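Working notes for the structure below.
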Amino acid sequence: MGNNLFRSSNERNTKRRQFVATVGATGVAGCSAFSVDDEVETLTSSPKGGNATVEMKTDGEGNYFDPVGLYLIPGDSVTFITKSGNHSAMAYHKGNIYAEANRIPKDAAAWGSKVLQKGKSYEHTFEAVGTHGYYCIPHKTLGMLGRIIVEKPGGPAEGGMSPDVKVPTGDMIPRKGSVSHSDFTK
């Protein structure tokens, strides 16, 4: 499988099936038991630096990552944990479903989780320096995006992520270290 997941002869059928599932999940705002048949193959290594947690939530404020912005050093690991609803964490890499552009550093490999139910988690270790944009598969169209900066801002994600959704800027995240959803949306 590797980084070219979804590049098989069944690509159109798989993407169509996932699109239909996403549209259905969007209609009920993430309250249903959404599932995806495929997941990105990922390899994680043991962390060399620190560890951080990003919670994936659905509540009266919508669907979001918390914190929405995070600063790391190379070798730090992040555990993405579903606190409510069904969510995923997926790098903006053209090898990943629904990633129309690369928004991670050029030397970073595609990473991501399948859609996870409440209480489930996914861990990724960040090595590539720069700005990493990511999203939730079923809630991307609803604006569930996040940004991680490893060591210093830079790369294709440093500009805007989406014209419709704001994410913390490359200068805000290193200054604060972590930008919570509630602080950013005030």
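Residue numbering for the sequence shown follows the working numbering, starting at 30 and increasing by one per position.
Heads up, the beta-carbon is just placed ideally off N, CA and C, and yes, glycines get one too.
From a predicted model like this one, the values you see are computed outputs, not experimental measurements.
Tell me the rounded alpha-carbon separation between S113 and P203. Reading the sequence shown from its first residue, position 84 is the one you call residue 113. Reading the sequence shown from its first residue, position 174 is the one you call residue 203. In a straight line, the C-alpha of S113 is about 28 angstroms away from that of P203.
**OP:** Let me know the secondary structure DSSP gives K86 once reduced to three states.
**Re:** Within the sequence shown, the letter at position 57 stands for residue 86. If DSSP states are grouped into helix, strand and coil, K86 belongs with the strands.
**Prompt:** For T160, which of I177, H168, F94, M173 has the nearest alpha-carbon?
**Reply:** For the purposes of this step, residue 160 is identified with residue 131 of the sequence shown, where counting begins at 1. Cα-wise, what sits closest to T160 is I177.
Report task. Run the CB neighbour count on G169, radius 10 Å, all protein chains shown included, and call it buried at 16 or more, exposed below. Result -> Translated into positions along the sequence shown, residue 169 becomes position 140. The residue you asked about is not Gly; residue 169 is Lys in the sequence shown. K169 comes out buried.
**Request:** Starting from D95, follow the beta strand (DSSP E) in both directions and report where the run begins and ends.
**Result:** Start at 1 with the first residue of the sequence shown, and residue 95 comes out as number 66. Looking at the DSSP string, the run of the beta strand (DSSP E) that includes D95 is 91-95.
Q. Comparing alpha-carbon positions, which option in K86, P197, I166, H122 lies nearest A139?
A. Looking up residue 139 in the sequence shown gives position 110. Among K86, P197, I166, H122, the Cα nearest to that of A139 is on H122.
* Asked: Should K86 be labelled buried (16 or more other beta-carbon atoms within 10 Å of its own) or exposed?
  -> As a position in the sequence shown, residue 86 is number 57, starting the count at 1. It counts as buried.
Notebook entry, point to check: Whose C-beta lies closer than 7 angstroms to the C-beta of G199 among residues of the same chain, with five residues either side of it excluded?
Noted result: Sequence index remark: in the sequence shown, residue 199 carries index 170 (1-based). Result list for G199: T160, I178, P182, E187, in chain order.
message: Distance check for A81 and N92, CA to CA, integer angstroms please.
response: Looking up residue 92 in the sequence shown gives position 63. Looking up residue 81 in the sequence shown gives position 52. About 20 angstroms.
- Task: Give the secondary structure of K195 by DSSP, where H, G and I count as helix, E and B as strand, and everything else as coil.
- Result: Here residue 195 refers to the residue found at position 166 when the sequence shown is read from its first residue. K195 falls in the coil class under three-state DSSP.
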